[in-house]
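Written below as structure tokens is the structure these notes are about.
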Amino acid sequence: MAMREFPFRTFNSGIAFGCSVLSFADFCITTRQLFYELAKTPISMDSSSVPWTNENAALLPWYVQELREVNEPARELFEKYAGLPAEEVIPHIQSVRDSALAIMPYPCIGAFAFLELSLMRLACYGEVKDRVKAGAKFLDLGCCFGQDLRKLVMDGASSENVFGSDANASFIALGYKLFRDHGALQDRFIVADLLNPGEALKKLQGDIDIINAQLFFHLFDMDEQVRIIRSVLGLLRPTTNTLLVGSQVGSATAKLQRVPSLGNVFVHSPESWAMLWEKMGAETGTKWQVRTDRGEPKRLDLIHAVHGEEAYLMTFEVRRIE
Numbered sequence: 003m004a005m006r007e008f009p010f011r012t013f014n015s016g017i018a019f020g021c022s023v024l025s026f027a028d029f030c031i032t033t034r035q036l037f038y039e040l041a042k043t044p045i046s047m048d049s050s051s052v053p054w055t056n057e058n059a060a061l062l063p064w065y066v067q068e069l070r071e072v073n074e075p076a077r078e079l080f081e082k083y084a085g086l087p088a089e090e091v092i093p094h095i096q097s098v099r100d101s102a103l104a105i106m107p108y109p110c111i112g113a114f115a116f117l118e119l120s121l122m123r124l125a126c127y128g129e130v131k132d133r134v135k136a137g138a139k140f141l142d143l144g145c146c147f148g149q150d151l152r153k154l155v156m157d158g159a160s161s162e163n164v165f166g167s168d169a170n171a172s173f174i175a176l177g178y179k180l181f182r183d184h185g186a187l188q189d190r191f192i193v194a195d196l197l198n199p200g201e202a203l204k205k206l207q208g209d210i211d212i213i214n215a216q217l218f219f220h221l222f223d224m225d226e227q228v229r230i231i232r233s234v235l236g237l238l239r240p241t242t243n244t245l246l247v248g249s250q251v252g253s254a255t256a257k258l259q260r261v262p263s264l265g266n267v268f269v270h271s272p273e274s275w276a277m278l279w280e281k282m283g284a285e286t287g288t289k290w291q292v293r294t295d296r297g298e299p300k301r302l303d304l305i306h307a308v309h310g311e312e313a314y315l316m317t318f319e320v321r322r323i324e
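To convert, count from 1 in the sequence shown and add 2; that's my numbering.
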């Protein structure tokens, strides 16, 4: 399926969200006023009303108790990169995953979805890999265990050109345990909260060429997404062709939802995601080309369990063009 491309010049006549048609002028009034008017009443999904805690993990709709198989790209990563014997791969992953449940049983952890290696499944992965191998700086944002970053290194990127960040130090520590590479990558991961970055990411300011954000933005409401994107723009090199890639839960209709243990989160349609980047471009004097597509997750039912039947996996590329 071809990616949907949204050059910003096309947004002159307004965009429809549910029953509302919003012009770009309306969009620019204030982020809070605009997007919270789209969904005044947060939606609670009955299928995921159980609090996301370790004690309730087995009750969550995405919970998989036992890992039975590992896809070939992930198995190669554990055998060749981490150096695990074939027969130890599954029990090793199972053990680390079970430890991670005590931190937060996110769907990607509870269902072993981190093994899907989302970055390598994007159409632009070849470009990302080639650019980082040639010296471009790469940041894996909200990296969790850092599996995408490690795949990139295994595929030939220098560890000197890659960084990972997560707000939870425990996920980073478990990533070292999962891939057995603390000695090799001990200084490549940074504990940082993009909502309150402080000094943690200061050394990367204006120095990153490509940012990867997998299953990340849909964890936040619109105000928080705007704050995070401001931080992202500060990290990216101030030149054209810098790139943000990733995936998030998408929907035909942009909406605010209430998700157990996360609170209010904003789920984008392709149009609202593109309009957000037009707003951020106008705010910063930059222009961004936005492309989206439908991903093919192994377990679409996991997305439906939390966000409803019309939800899907949206992949995206956001590239600076001016």
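Ideal placement from N, C-alpha and C gives every residue a C-beta, glycine not left out.
query: Reference serine 271; option with closest CA among Gln149, His306, Thr294 and Leu197; result: Thr294
query: Contact under 8 angstroms by Cβ, alanine 313 with valine 251; result: yes
query: Whole-angstrom distance between arginine 321 and threonine 242, CA atom to CA atom; result: 8 angstroms
query: DSSP three-state assignment for glutamine 291, whether helix, strand or coil; result: strand
query: Three-way DSSP call (helix, strand, coil) for arginine 296 in this model; result: strand
query: Between the CA atoms of lysine 289 and alanine 113 - distance to the nearest angstrom; result: 37 angstroms
query: Exposed unless 16 or more other CB atoms sit within 10 angstroms - verdict on aspartate 303; result: exposed
query: Nearest-angstrom Cβ-Cβ length linking alanine 138 and aspartate 211, presumed shorter than 8 angstroms; result: 4 angstroms
query: Range covered by the beta strand (DSSP E) that runs through leucine 206; result: Element bounds for leucine 206: n/a, residue is neither H nor E.
query: Host beta strand (DSSP E) of glutamate 280 (start-end); result: Looking at the DSSP string, glutamate 280 is not in any beta strand (DSSP E); the run it does join, the alpha helix (DSSP H), is 272-286.
query: Backbone CA spacing between arginine 239 and asparagine 58 [nearest angstrom]; result: 43 angstroms
query: Asparagine 163 classed as buried or exposed, judged by whether at least 16 other C-beta atoms fall within 10 angstroms; result: buried
query: Test item: CB-CB of alanine 256 and valine 267 under 8 angstroms; result: no
query: Beta-ladder partner(s) of threonine 317, from DSSP; result: Ser249 and Asp295
query: Inter-stretch contact (C-beta, 8 angstroms, three-pair minimum) for the stretch 93-101 and the stretch 168-181; result: yes
query: Under 8 angstroms between C-beta atoms of leucine 69 and isoleucine 95; result: yes
query: Where alanine 171 sits in the DSSP three-state scheme; result: helix
query: Residue closest to phenylalanine 218, alpha-carbon to alpha-carbon, out of Tyr108, Val66 and Pro93; result: Tyr108
query: Cβ-Cβ distance between isoleucine 192 and leucine 203 below 8 angstroms; result: yes
query: First and last residue of the uninterrupted beta strand (DSSP E) at aspartate 189; result: It is not in any beta strand (DSSP E) - aspartate 189 carries neither H nor E in the DSSP assignment.
query: Cα-Cα separation between phenylalanine 116 and glutamate 324, rounded to whole angstroms; result: 34 angstroms
query: Where the beta strand (DSSP E) through isoleucine 213 begins and ends; result: 212-216
query: Beta-carbon separation (whole angstroms), alanine 215 vs glycine 144, contact threshold 8 angstroms; result: 6 angstroms
query: Assumed close pair cysteine 146, aspartate 132 - CB separation to whole angstroms, cut-off 8 angstroms; result: Incorrect: roughly 25 angstroms between the Cβ atoms, too far for contact.
query: Backbone CA spacing between valine 155 and alanine 84 [nearest angstrom]; result: 12 angstroms
query: Between the CA atoms of methionine 282 and leucine 246 - distance to the nearest angstrom; result: 13 angstroms
query: Of the listed residues Pro199, Lys205, Leu197 and Leu196, nearest to arginine 190 (C-alpha basis); result: Lys205
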